[in-house]
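Residue numbers (the UniProt record's numbering): 1 to 360. For glycine and all other residues, C-beta sits at the position ideal for the given N, C-alpha and C.
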Amino acid sequence: MSIEAPLTATLPAGPTRRRLCSAMAGGALLALLGMPGARAETRRTLSYYGGQLRLPERITRIATAWEAQNAVIAMLGHGQDIVASTRIVRQMPVFRRFVPSIADAALASGGGANDVNVEELLRVRPELLFVAGSLPPAKRKVLEGAGIAIVELRANSLDALLERVRISGEILGPQAQEKARDYQAYFQDNVARVRRALEGVPAEKRRRLYHCMGDPLSTSGRPSLNQDWMDLGGAINVAEHWFATPVPSGKVSLEQIIAADPDVIVAMRADDAALIRRDPRWAGLRAVREGQVHANPRGMFWWCRETSEEALQFLWLARLLYPDALAGIDMREETRTFYQRFYGYRLNDDEIAEFLQPRS
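This is the structure in structure tokens:
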């Protein structure tokens, strides 16, 4: 995808148009006056998706409209430099514990590129903005005109996650780049460990999984990030072929789930797992009858989403589904080691239990 602003852009009509026009004028004024918000001078150029990204030598002010990207930024040593984020991340208890300053971050977005708050970003003047996919052209032109670099990154696969960690490291500087390399090595080592452990599990013994996200009747198939970590964890996704590409995710019916009768259910949210366990409409499912409804672990963010904690997600899943094959894996110690190594935070036993068995 291109990182250059389009030469022309059509602004939306109505109040949004007036706000954007005002913001564009403000950005132009900053540039004319030579104020810091203009950032007319850049010190390095980074090759990026076939284009070039112009950045200051040292990044100290970061905005992200991508919720899971906050955890990557923090892992790379720049959590304290996040000046604008999303509402959910600002309220995440663990993120606030690891990066207390997140509570004071401005609201960059409600959680996506389309609702990026241009006026607020012009106010806090970050040096760059991370988004998933692409930013609407009108908003992009305003922000780039004010000297804010727009970093648009691919999403919805583990390959995209690893690419994003690498690119983020290159953007944030040498120390972040070294941490990104360490993470890539750790991730691939976990992949190899799980593959070795599952070699002895025959196809007919592979367990069938239903994963819900957002609410009990929302799931995803192939291709998707969720499918990727299920593949690595040795699960058969019952929803793998329920959707047509290019958007293999969405709402399904309870009748579809009942017909699939999964061995295990993993709910992203603990509240959804609790609902499934107690709702009589789900009671006939094998997973419910056999006590195999689980809440997905959550730390800086939900491990099943596009966070650096994905390196633990498929390891946790494989251990959950095939405890005998992965008997040598202690997820409590794996969790403790990961956060110490990549976030410099040593979890106590209560915190580890909170991560692995969230209650809300």
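Do you know offhand how far residue i's Cα is from residue j's?
i           : j      : result
Gly299      : Arg90  : 14 Å
Ala149      : Leu143 : 8 Å
Ala31       : Val124 : Reliability of the predicted coordinates at Ala31 is poor, the pLDDT of 40 falling under 50, and the value obtained from them is presented with this limitation in mind. Those two C-alpha atoms are separated by around 15 Å.
Glu310      : Gly200 : 24 Å
Met331      : Gln184 : 20 Å
Arg286      : Val264 : 8 Å
Lys141      : Pro174 : 29 Å
Asn114      : Ala203 : 42 Å
Leu172      : Arg58  : 7 Å
Pro223      : Ser157 : 8 Å
Trp303      : Asn296 : 7 Å
residue 421 : Val191 : This structure does not reach residue 421, given that the chain is present from 1 up to 360, and the question cannot be answered.
Ala353      : Gly250 : 31 Å
Arg196      : Pro248 : 29 Å
Phe342      : Leu321 : 26 Å
Gly79       : Gly284 : 45 Å
Met92       : Arg289 : 32 Å
Ala318      : Glu120 : 43 Å
Phe243      : Asn237 : 12 Å
Arg346      : Lys205 : 37 Å
Ser47       : Glu178 : 18 Å
Arg96       : Pro137 : 33 Å
Leu122      : Met230 : 40 Å
Gly344      : Phe187 : 17 Å
Pro56       : Ala84  : 18 Å
Arg359      : Ile257 : 24 Å
Gly51       : Phe130 : 16 Å
With the cut-off set at 9 Å, would you say residue i and residue j are in Cβ contact?
i      : j      : result
Phe355 : Thr337 : no
Ser134 : Glu163 : no
Ile88  : Val99  : no
Ala65  : Leu198 : no
Ala155 : Glu170 : no
Asp228 : Asp272 : no
Gln292 : Gly233 : no
Pro126 : Ala71  : no
Ala270 : Ala239 : no
Leu315 : Arg193 : yes
Arg305 : Leu225 : yes
Ala235 : Arg207 : yes
Among the options, whose alpha-carbon lies nearest the alpha-carbon of residue i?
i           : options                        : result
Ala267      : Tyr186, Gln357, Glu240         : Gln357
Met75       : Tyr210, Asn296, Tyr339         : Tyr339
Asp350      : Arg341, Gln177, Glu333, Gly344 : Glu333
Arg166      : Ala260, Ala235, Tyr49          : Tyr49
Ser253      : Ala138, Arg208, Asn226, Arg281 : Arg281
residue 366 : Thr45, Pro56, Ala63, Ile73     : Outside the modelled stretch of the chain, which goes from 1 to 360, sits residue 366, for which no answer is possible.
Ala105      : Val131, Lys139, Arg61, Gly77   : Arg61
Val116      : Arg359, Lys139, Gly77          : Lys139
If contacts are defined as beta-carbon pairs under 8 Å, then residue i and residue j qualify, I think. What distance do you get, rounded to the angstrom?
i           : j      : result
Phe301      : Ala68  : 5 Å
Leu128      : Pro216 : Wrong, their Cβ atoms sit about 37 Å apart, outside the cutoff.
Ser109      : Thr86  : 6 Å
residue 369 : Gly221 : With the chain covering only 1 through 360, there is no way to say anything about residue 369.
Kindly examine the ligand GDP and report whether one of its heavy atoms sits closer than 8 Å to the Cβ of residue i.
i      : result
Arg319 : With respect to the ligand GDP, the structure shown offers nothing to examine, as it has no ligands at all.
Contiguous alpha helix (DSSP H) assignments of at least 4 residues, all confined to the segment 194-244:
Whole alpha helix (DSSP H) segments, 4+ residues: 225-232.
Can you list the beta strand (DSSP E) stretches of 3 or more residues lying completely in the segment 120-169, in chain order?
Entirely contained in the segment 120-169, the beta strand (DSSP E) runs reaching 3 residues are, in chain order, 128-132, 149-153.
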